[in-house]
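Residue numbers (the numbering used here), protein chains in the order written: chain S, 13 to 237; chain D, 13 to 237; chain Z, 71 to 390; chain B, 71 to 390. The beta carbon of each residue, even a glycine, is placed where N, CA and C say it ideally should be. Right, one structure below, let's go through it.
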Ligand SMILES: Cc1cc2nc3c(=O)[nH]c(=O)nc-3n(C[C@H](O)[C@H](O)[C@H](O)COP(=O)(O)OP(=O)(O)OC[C@H]3O[C@@H](n4cnc5c(N)ncnc54)[C@H](O)[C@@H]3O)c2cc1C
Ligand SMILES: Cc1cc2nc3c(=O)[nH]c(=O)nc-3n(C[C@H](O)[C@H](O)[C@H](O)COP(=O)(O)OP(=O)(O)OC[C@H]3O[C@@H](n4cnc5c(N)ncnc54)[C@H](O)[C@@H]3O)c2cc1C
Ligand SMILES: Cc1cc2nc3c(=O)[nH]c(=O)nc-3n(C[C@H](O)[C@H](O)[C@H](O)COP(=O)(O)O)c2cc1C
Ligand SMILES: Cc1cc2nc3c(=O)[nH]c(=O)nc-3n(C[C@H](O)[C@H](O)[C@H](O)COP(=O)(O)O)c2cc1C
Ligand code: FES
Ligand code: FES
C-alpha cells in the first residue's frame, strides 16, 4: 500500500500491485481515480512516500502453458507473472479504449499469443475481453485445461466467474476491495467465499491477507455494489 | 491568506503579509511553524496555490521621520513601509538569534538609523528590542513625538504596550490572531479593544478586517493566551 | 432530446419550505456568512437560494474572549459565543442592505430565556422583508442552569411551541446534534409547530495545547464544524428525514457539490454551507453550479426528483 | 541533574486501573489490532501497556457484507458488524499465542442479550491469563428491538451490574458516544460496579455514493473513527473524568503522541490507539516513545503528574 504526503486527508494508504522490481527500485503503475492516486501522481523525484508491503498472497506458480486475462489496469499484477514465465502464456487483454491498453508492447513480448479487445474498437476486436475469450474457447477446447490467471474490475470478474463455473475452468483472480489496515487486522476488506463446512455455506475472507488472489470459483458475488 | 494544496488537512488558509511586489509577482516570507507553513514550504515552481487578499487595513502613512520596531518575522509587513518611505525611519530590530534577523541587509539600506538586538547576543546588543528602544528613548527624548510602527509576537506586543502607555507614545501595531474566514464574517479572529461608549469599556474587533493594524494603546491584553 | 449542449434544458432547482419559495436549495449557514456584505464582494449573492444571517439576540452580545477558533483535522472548533449586534442595530442598519439582494433573508436568532426567544421573534416578525425565522436552540438556557435548550425534550417543546404562537413567519428550528436521538428532537419541533427543521449545528468539542496544558479556546469548549462532521451529519439528517414530514434543511461539513448531493439524496430539501465559506469564498456558488451540472448529466429535470432518492435495495441491519 | 543524555532519569509511565498494573498507558483499541499477531511482525508488542483484542461473542459472528469501510475527511466509517471467531476458538487458539506477549491481554466482548453478556463474561473469567474484560455496550440489544445497550440508561445499568456479578476480573465498560449526556452514562457504569470506563466508541455515521445514490456501506450506517472525531472525544473524556472517580481510558482519533497527551491531560489514565494503526503500524510505539520524550523534556518524572493536569485559569462560560 502506498501513500503520498503525511497529512490526514486522504487518511488511508491505497493498495497497489508491484509492476516490476530491480536491485534498486520497485515499479508501480496506477490509474488516477480519486484523492489517493491524485496525490501520488503529484510527487516529485526525491519526495518520500510511505509503503507498507509486500502484503497478501501471490499467484500460484503455473505449470507449463497458462492463460492470462487482464482488464485495463488489471494488467499490472500479471506482468511479473508473465516475465517469470516467458512465452508460456496466452494473453487476453481488454480495455475501454486504446489508451487504456497499458504495457501492451512489453506484455506482447512476454507471451506466446495475444488477443486484444477494446470497448470502442479503437484497438483489437471490439467487445469485452471475456467474450473474446469465450469465443476462443469454442474453437480451442483443449485450452479448457489450462489454468487461468485473471485481474480486472469487480464487474468484469463477476461476469467472468459465471463463465468459469459454466465451463468448469480453473481460474485464479486478483480481487479488489477497499482497504484500511492491509494486514488482516480490521476485517474491512472482505469478500464472500464458499465454505462447505459453514451452515450458511460461506465465510468472509480478507482481500489484504487471505488474498488478493482467490480461486475465482469460490467467490460469491451476491454482495452489494 | 495562503494555502498550498487542495486537501482538507490543514483545513484553513493562513494569514501572511506581503513582503514586496513587482509587476508580475507578489513576494512572501514566512517561518515554518506548523502544518500550514510546512506544506507551503514544499511547493515547487509551477504549483498552484490559493490566495485570498489583500485583506484588512494598512499602515497609516507616516509624517516625516518615524520609528519602526520589529521582532523576528515581524519585519515582513514593515518592509514595504520602509521601502515607500526611504531614509525616514529609525529601525529597532530584534530576534532570538542572528539567523532569525531576516532581511537585515535590505532593511538597513532603507532606514536612517538601525539598532539591532538578539536574545543570545549572536548579533547586535544582547537583550530584548523593546528594552533597547527604552534605553534609546532615555537619551533621545525628542523622539517621543515620533510615531511608532511595530510588529512582533503577541508577548512582545503585550510587553511593548505597557511602555507605550507609560511614555504616552503613539504606536501602530500589526496584531496576530488565529483566522478562519479572513473577511470579517466568522468573528473568529478578534482582539479586545477599548471602547469608551461601551458599558464595560471594550468591544471585540476583528484582526482580519478591522485590523491587522491597531493603535496599540487601544488594545486590551488581559485576554487568555 | 438532442445531444448538443444547446439542447440541454435547464433543470428546475426551485423548492418550497412552508410558504417560502426558494429558487434553489443552496443556503448559507448562520454565523458563517456574516450579514451578506462580506461575501457580496466575491459574487452575486442574489444567486443563492437564501441567506441565513448570523444569530441575533435582543441585546447586542460581546461574545467570548479570544482565542475563539482552533483548527482540527478536517474541522474547526469555534467558540464565538454568539457575538452579535442585537436586533435593533440589525433591523435598522443591516436589513435594509440585505433586502437589496434578490434572495430571501432568513434570520437566525436565540435567547437566554424562553421569554427572550418569544420577544425577539415578535419584534422580528413585525418587520417587512424577513422571509423566515430560524431559531437556534443550541444555546444555553439561563433558567435551566445554562443547559442547552435543544438537548432537553421538555424545554425544546416549550420554547418551540411558544415561539410558534409568537410569529406568523415560516419557522425553522435548528437542532443541536449533541443529543442521543436526533429524530425524536425533530419530532418534538414538528409537534411544536415548526415549519421546518435544520441540522446539524456544531458538535461540542475541545482541544488542548500540550505545551501549556491549557485548552486552546479561552471558552474551554466550542463547536466542531467542517468536513470532519459530515458523515455524522448525513446520518442524522437521514434519520430526521425519515421521522418527520416537514422539510429538513441539511448541513454539516458541506464543501463540494457532492457533499451537498449526499444531504439532498438522504432527503433534505435544502442545504446550508458553513465552514466551507472560509475555505473558499465561492463555495456556495460552486456548489450550486455543481448540483445543476450533475442534474443535467444524470438527466434529472427537477430537484424534487433528487431529494430523498436514496436507493436501499438490500436488507437493513444495524450493527457495530 | 546534569545536562547530558546519560543523566536523564527514565520517567515512570506505569499506571494502575483497579488491580491491573500497566507498564505504560498506551493500549490498542478493540477491533483495530486483531488478536495481536498481525502487528507483532512490525514491533515487539510486549512493549505496549496492554493489548485489547477484537470484540468477541459466545458464538462466532460473520459480520456484515462488504463494502464495510469508507474513508471520509480525516475519518473512517466501518460497519464490520462485529465479525469474530467466537470465544471458544479464541480461548483455544488465539489466547495461548497472545499470552506469549509480556503485556496484559484485555478481552473486549459483547452479546445480543443481557444473558449472553453474562454467560460470555463467566466463561472468559474462568480462564487463566486474561487480565481484564472490556464490555462493548455499543452493540444492538435483541430484546430491546435492537436498540443500542449503551444509549439507554436503564438497560445500561442492568447489563453492567449483572455482568459485574458474573466476573471477578477488572471490568471496563466501553461507552457509546451516541448519547446526549456521556457523563451520566459513565456514572451509571460506575454505579453498576465498573472498575473503569473507556470511551469513545465510534459515532454513528453514513456516506452516500452520489453516482449510484446508494449508501457507500452495505449496512447503510457505520461507526466513524479517526482524527475527525478527536475534538469531540477529548471533550467527552474531559466531561467523564470530572464526573466519575473510577479510571477513564480515553480514545478517539489518536494518531500522534500529542493527541495522546490531550487525552491524558484532560484526565484519562490510559489511552487507546485505533484507526491510527491502519495509517501506521508503528503508531502505538511511536506514541509511547513520544510521551516518554515529552515527559523528559518537560521534567515530568511520573505520568500520574501529567494525568488530569489541565490548567484552567480563567472563568468558564458555556456558549455557542
Ligand atoms: C490488491 C490490489 C491491487 C491494486 N493494484 C493496482 C495497481 O497496480 N494500479 C492501479 O492503478 N490500481 C490498483 N488497485 C486499485 C487502486 O487501489 C485504487 O484505484 C485506488 O485505491 C483508488 O484510490 P483513490 O484515492 O485514487 O480513489 P478513491 O477516491 O479512493 O476511489 C475512487 C473510486 O474507487 C473506489 N475504490 C477505491 N479503492 C477501491 C478498491 N480497492 N476496491 C474497490 N473500489 C475502490 C472508491 O470507492 C471510489 O469510488 C489495486 C487494488 C487492489 C485491492
Ligand atoms: C496579519 C498577519 C500577517 C502575518 N504575516 C506573516 C508573515 O508575513 N510571515 C510569517 O511567517 N508569518 C506571518 N504571520 C503568522 C502566520 O500566519 C503563522 O505563522 C501561521 O499561520 C502558522 O501556521 P502553521 O500552520 O504553520 O502553524 P500552526 O500549526 O497553525 O500554528 C503554529 C502555532 O502558531 C499558532 N498560530 C498560528 N497562527 C497564528 C496566528 N495568526 N496568531 C496567533 N497564533 C497563531 C498556533 O496556534 C500554533 O500554536 C502573520 C499573521 C497575521 C495574523
Ligand atoms: C464561526 C461559526 C459561527 C456560527 N454561528 C452560528 C450562529 O450564530 N447560529 C447558528 O445557529 N449556528 C451557527 N453556527 C453553526 C453553523 O451555522 C452550522 O450549523 C455548522 O457550522 C455546521 O455546518 P458546517 O460544517 O458547514 O460549518 C456557526 C458556525 C461557525 C463555524
Ligand atoms: C475497524 C474497526 C473495528 C472496531 N471493532 C470494535 C470492536 O469489536 N469492539 C469495540 O468495542 N470497538 C471497536 N471499534 C472501536 C475502536 O475500538 C475505537 O473505540 C474507535 O475506533 C475510536 O478510536 P480511533 O479513532 O482511534 O479508531 C472498532 C473500530 C474500527 C475502526
Ligand atoms: S484491510 Fe484491514 S483486514 Fe484487509
Ligand atoms: S477571520 Fe473571520 S472574522 Fe477574522
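Counting only residues of its own chain and dropping the five nearest sequence neighbours on each side, residue 196(D) has a CB closer than 8 Å to the CB of 218, 220, 221 and 222.
Per DSSP, residue 163(S) lies in no alpha helix (DSSP H); the unbroken beta strand (DSSP E) holding it starts and ends at 159–163.
Burial check for residue 150(D): the Cβ neighbour count within 10 Å stays below 16, so the residue is exposed. For residue 197(S), the nearest CB of chain B lies under 7 Å from its own CB, placing it at the interface with that chain.
In the DSSP assignment, residue 331(B) falls within the alpha helix (DSSP H) that extends over 327–335. Look at residue 19(S): its C-beta is under 7 Å from a C-beta on chain D.
Contact annotation: the region 144–164 of chain B does not touch the region 307–317 of chain B, with fewer than three C-beta pairs closer than 8 Å.
The bridge partners DSSP lists for residue 218(S) are 202(S). Around the Cβ of residue 127(Z), a 10 Å sphere holds 16 or more other Cβ atoms; the residue is buried. Counting C-beta atoms within 10 angstroms of its own C-beta, residue 167(S) has fewer than 16 neighbours from the protein chains shown and is therefore classed as exposed.
Sequence-distant partners of residue 129(Z) (beyond 5 residues in either direction) whose C-beta falls short of 8 Å from its own C-beta, in its chain, are 156. Listed in chain order, the non-local C-beta contacts of residue 84(B) below 6 Å within the same chain comprise 93, local neighbours out to five positions each way being set aside. Take residue 253(Z), set aside five residues on each side of it, and the residues of its chain with a beta-carbon closer than 6 Å to its own are 309, 310 and 313, in chain order. Minimum Cα-Cα distance from residue 303(Z) among the listed residues 176(Z), 251(Z), 261(Z) and 351(Z) corresponds to 251(Z). Inter-segment contact for the region 136–155 of chain Z and the region 270–277 of chain Z is present: three or more beta-carbon pairs are separated by less than 8 Å.
Three or more Cβ pairs drawn from the region 195–209 of chain Z and the region 234–241 of chain Z lie within less than 8 Å of each other, which places the two stretches in contact. Interface flag for residue 290(Z) against chain D is unset, since no Cβ pair is found closer than 7 Å. Around the CB of residue 339(B), 16 or more other CB atoms lie within 10 Å, so the residue is classed as buried.
Scanning chain D for C-beta atoms nearer than 8 Å to the C-beta of residue 102(Z) yields 193, 197 and 198, reported in chain order. One alpha carbon belongs to residue 140(B), the other to residue 263(B), and they sit about 37 Å apart. Between ligand 3 and residue 181(Z), a heavy atom-to-CB distance of less than 6 Å is absent. Using a Cβ-Cβ distance cut-off of 8 Å, the region 75–92 of chain S and the region 152–169 of chain S are in contact, since at least three pairs of beta carbons, one from each stretch, lie closer than that value.
If you compare the alpha carbons of 232(Z), 260(Z), 229(Z) and 207(Z) with that of residue 248(Z), the shortest gap goes to 207(Z). In the DSSP assignment, residue 347(B) falls outside any beta strand (DSSP E) and lies within the alpha helix (DSSP H) extending over 346–349. Within the chosen limit of 6 Å, ligand 1 reaches the beta carbon of residue 47(S) through at least one heavy atom.
If you look at residue 48(S), you'll find it in the alpha helix (DSSP H) that goes 47–53. Counting C-beta pairs with one atom in each stretch, the region 340–352 of chain B and the region 101–117 of chain B have three or more that are closer than 8 Å, which means they touch.
Under a 10 Å Cβ-count criterion, residue 216(Z) is classified as exposed, with fewer than 16 other Cβ atoms of the shown protein chains found around its own Cβ. If you draw a straight line from the Cα of residue 115(B) to the Cα of residue 67(S), it comes to about 20 Å. The residue from 224(D), 231(D) and 228(D) with its alpha-carbon nearest to that of residue 70(D) is 224(D).
Ligand 3 has no heavy atom closer than 6 Å to the beta-carbon of residue 144(B).
In the three-state reduction of the DSSP assignment, residue 300(B) falls in the helix class, which pools H, G and I. Counted as a single uninterrupted DSSP element, the alpha helix (DSSP H) harbouring residue 358(B) occupies residues 353–368. Between ligand 5 and residue 13(D), a heavy atom-to-CB distance of less than 6 Å is absent.
For a Cβ distance threshold of 9 Å, residue set 19 of chain D lies close to residue 47(S), ordered along the chain.
In its chain, beyond the 5 residues on either side, 206 and 207 have a beta carbon closer than 8 Å to the beta carbon of residue 213(S).
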